[in-house]
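In what follows, a single structure is set out as structure tokens and then discussed.
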Amino acid sequence: MSDSTNKTPDGKWTPRIVAFFCNWCTYTAADLAGVSRMKYASNIRVIRLMCSGRVDPQFVVDAFAKGADGVLIGGCHPNDCHYVEGNYKCLRRYQMLKRMIADMGIEPDRLRLEWISAAEGEKVRRVVNEMVETVKQLGPLNIPCKFEEWDKEMEALAGHVAHSQSAAGAACPDHAKPQTAQTAHV
Amino acid sequence: METRKNEPVRIGFYVCHCGVNIAHMVDVEAVAKYVATLPNVVVSRNYKYMCSDPGQEMIQTDIREQRLNRVVVAACSPLLHEHTFRGATEAGGLNPFYFQMVNIREHDSWVHTDRLEATRKAMALARAAIQRVPHHKPLEVKKVPINPDVLIVGAGIAGIHAAITMANAGKKVCLVEKEPSIGGHMAMFDKTFPTLDCAMCVLSPKMATVGSHPNITLWTYSEVVKVDGYVGNFKVTVRRKPRYIIEDLCTGCQECVANCVYKEPKFPDAFNLGLGKRKPVYMPFAQAIPSIAIIDPEVCLNFKRGKNPDGSYTVSDKCKKLCVVACGDRKAIDFTQKAVDKEITVGTIIMATGFKTFDPHRTPYYGYGVYPNVYTALELERVINASGPTEGHLVMRNGKEPKRVAIVHCVGSRDENTNRWCSRVCCLYSLKLAHLILEHTDAEVYNFYIDMRTPGKSMEEFYNRVAEEGMHLVRGRVADVYPDPNDTASGRLIVQAEDTLTNRILKIPVDMVVLSVGLEPRPEAEDLRRLFNLSCSSEGWFLERHPKLAPVSTFTDGIFLAGCCQGPKDIPDSVAQAGAAAAEAFSLIDKGYVEQEPNTAFVLAEECSGCKSCIPLCPYTAISFNEETKKAVINEALCKGCGTCVAACPSGSIVQNLFEDQEIFSEIDGVLAPLPQ
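Respectively, the protein sequence lines represent chains D and E. The numbering used here puts the first residue of the first sequence at 3, with every later residue one more than the last. The numbering used here puts the first residue of the second sequence at 271, with every later residue one more than the last.
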């Protein structure tokens, strides 16, 4: 996870956006955009789920943690969910996530939820382009890099603590163990 | 050959050129080369057409020779060919669910313009699948028996044809129609292009067959109000609106109509589009099926005016009720009838809900509703029809025969301000109406068209034939219709248009203007879409599963489309589509069972903490709580595989097949993994 910044071969940063699209409406709309040969930004990586209700908040947090600059969730319009009300469950989680990521220091605009029906290929094009623009304005998020910085800080701190405790003569071995990305963030 | 536990994962990866559809924007060789470097990948190939027989054969051979136990194909949308490649995987001897598809056509090559970026995206998406498949498990398709009965919604020509086709093959059909009689728009037409045979002459035998077929339950004046369940087992609630006549007792003698206290018909007749009159008790039209009268509570004297809060009408009993006297021993009239909800169970549904004609009030410059001599084409059909309000005499509202008639094409079609689409039938029916006007009168007929569109078998020949009958064909869109300032008394109108072939502005005085109105989705289509869980195109037509390869299927399994509810079409195409929809329904029914995606969820009992978070989330009440073990249990038969509970489980103890947490996390990791520079 050392090099998670998304650079094009010419070295420029370009955002990476992970999208979770429901099978019935938004994924189909993205297919329609394709069939209609609409052109939009290539920064999006779509992961198909059966329903926006399947979007576990952990998926969103994990995507950010692994280097996504933005996350887009697409579901059926209210009242149109193939599974009756999965999109409402998604909406609740989305609102919680918006607050949560803000607390984590991630701009809430990096997460977006859109209702896109199977007929709205044009909306896929528009939303993806808007999202890419928004994230470009916000710049790279690059959490994996931040993890490394924090790990270094933690190691330095742990070293410092160990040093002062050995000076005091009573070290607690557990606390002295340096925290790594594996133990801290997975 | 099944994968044994601990056997190393051996992935075969295939990237499709799709001719040039993918290869022109994605460097498929670079993708294959990159994937070959990824862990577990044994074979990485690119091929012109993966979905072709040689392409599928390649997968099967590799599974056998290279001992593959996972297959990934990067090609078009899984909604198109996932099934095909699962089949190839299975034919190669693997469980079909060891397959994963990567969409690099609809989601990549067709929507991007930078070849380098599109190639990198394809690599990222491919990597996600390569990281995902090691977690795949062998699954089994669940087979659910299918109910052989079928529901058909809408009894125009499409619904009628589908119903007869199914019923003749011995299937039980429930045909639901909103109006009091079946027949739809076709029953209103006079003659049909290109054969010029009378619409009713070809339709009424089919209507009669529907009315008497032992396998068809015909529910007219009824609407579907609720749909539950899934393919093979839909539970449908149909509301039978009260017609205040007991269907089983009415013989269709119309004595009640003859003896109504209203001696003369007084109320606008919907079937004749208000051009004719009817009584409060009436027969929808002469050849109506079922041949049963109906009472209009809005105007019948035996009802109080206004509705009760529940939408029903109160009987005032203030009328002499001569109709009841006339009905006599038949006792078919029942003023206290209420709407009845009937629940039926069917395995498949055919939607044939038809269209609505464009309302020309939306194009005020044509003067419809302002000048009495402006008609819609459908109104003219009724005027010309021998059973219409004027008994087939072509006279205007003032009783005079028109001397000059203008037919305005593309009203509410091919217009940025109203509807953009071509309604497909208007040019042809306008030519037909022009022919009929010439047949009925000595009038001069002007057809104002944008383009003359007459595709289809025998249609161009029809155009050439009627065009020689002495009508004027003017290439130009009508801009304005206004009263003749020199002749205000007669109601004569001036039609103004630019003849684009001669570059002249024409101002043609005419007696009658006929607006060739386009076809639109029905206003209730949006409600029906919700009810039946369908999708609509942006215009509002029901969306077919694939415009070419699945034109009568929908995204909801077991529901098929027939006729104009899917888009404008003529009668031959509606009938053909109805037959196709019936055949699709058959192929489901005669198989005897439906295969369900094994994407259901299950609870890992040892991990479940018994918190019950998941239970209220399930819209299908598939999750229950076992009080003895204090664990949640998912009923697999009820689970539809949305995964909402999986996302909510705080202990991660619910697993959704095909969409396991670990599979999704691997995908996330895959799409974000660094790519080679």
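We put the CB at the ideal spot given by N, CA and C, even for glycine.
Its chain contains T479 as the residues whose beta carbon lies nearer than 6 Å to that of E/I434, once the 5 sequence neighbours on both sides are disregarded; these appear in chain order. Between D/V63 and D/R112, the CB-CB gap reaches or exceeds 8 Å.
One Cα belongs to E/L571, the other to E/C589, and the distance between them is close to 6 Å. Proximity to E/M722 across E/S883, E/D712, E/V695 peaks at E/V695, based on C-alpha coordinates. Taking C-alpha positions only, E/Y514 is separated from E/S805 by approximately 36 Å. Between D/K14 and D/P142, the alpha-carbon positions lie close to 11 Å from each other.
Not a single C-beta of chain E is nearer than 8 Å to the C-beta of D/F149. DSSP places D/D105 within a helical segment (H, G or I) once states are collapsed to three.
Between the segment 384-393 of chain E and the segment 445-462 of chain E, the count of C-beta pairs closer than 8 Å stays below three; the two stretches do not touch. Contact annotation: D/H79 and D/W117 have beta-carbon atoms nearer than 8 Å. Put simply, the CB of D/T30 is near chain E, with a gap under 8 Å to one of its CB atoms.
Listed along chain E, the residues sitting closer than 8 Å to D/G69 by beta-carbon distance are L942. If you draw a 10 Å sphere on the C-beta of E/Q932, you find fewer than 16 other C-beta atoms in it, and that means exposed. In this structure, E/D781 keeps its C-beta atom at 8 Å or more from the C-beta atom of E/V744. Taken atom to atom, the span from the alpha-carbon of D/G76 to that of D/A21 is near 7 Å. Identification of chain E residues near D/R18 by a Cβ-Cβ cut-off of 9 Å yields A394, V941, L942, ordered along the chain. DSSP places E/Q766 in the uninterrupted beta strand (DSSP E) bounded by 763-769. Counting the other Cβ atoms within 10 Å of the Cβ of E/H705 gives 16 or more, which makes it buried. In its chain, beyond the 5 residues on either side, E525, C526, A528, N529 have a beta carbon closer than 8 Å to the beta carbon of E/A596. Under the three-state reduction of DSSP output, E/G639 falls in the coil class, being neither helix nor strand. The count of Cβ pairs closer than 8 Å, one atom from the segment 453-472 of chain E and one from the segment 420-429 of chain E, reaches three, so the stretches are in contact.
Relative to E/C881, the option among E/C919, E/C909, E/A850, E/E867 whose CA is nearest is E/C919. Against chain E, the CB of D/V48 has a partner CB under 8 Å away; the residue lies at that interface. Following the DSSP letters along the chain, one finds E/F625 inside the beta strand (DSSP E) bounded by residues 625-627.
According to DSSP, residue pairing for E/M621 in a beta bridge involves E/V423, E/L831. With respect to the C-alpha of E/V748, the residue from E/N734, E/K574, E/L785 having the closest C-alpha is E/L785. Using a Cβ-Cβ cut-off of 8 Å, E/V916 is close to R56, D58 of chain D, given in chain order.
Residues S54, G77, C78, C83 of the same chain have their beta carbon placed closer than 6 Å to that of D/N89, with the five preceding and five following residues left out of the count. For D/W117, there are no neighbours in chain E by C-beta distance under 8 Å, as the nearest C-beta there is about 13 Å away.
Residues of chain D with a Cβ closer than 8 Å to the Cβ of E/K303 do not exist; the shortest Cβ-Cβ separation is about 15 Å. By the C-beta criterion, the segment 463-472 of chain E is judged not to be in contact with the segment 403-421 of chain E, since fewer than 3 inter-stretch pairs fall below 8 Å. Residue range 412-415 is occupied by the beta strand (DSSP E) that includes E/K412. Nearest in C-alpha terms to E/Q401, of all of E/G837, E/M328, E/Q370, E/G481, is E/Q370. Contact of D/W15 with chain E is not assigned, every C-beta pair being separated by 8 Å or more. Following the DSSP letters along the chain, one finds E/L789 inside the beta strand (DSSP E) bounded by residues 789-791. E/H377 reaches chain D at A32, G36, V48, counting residues in chain order whose Cβ is nearer than 7 Å.
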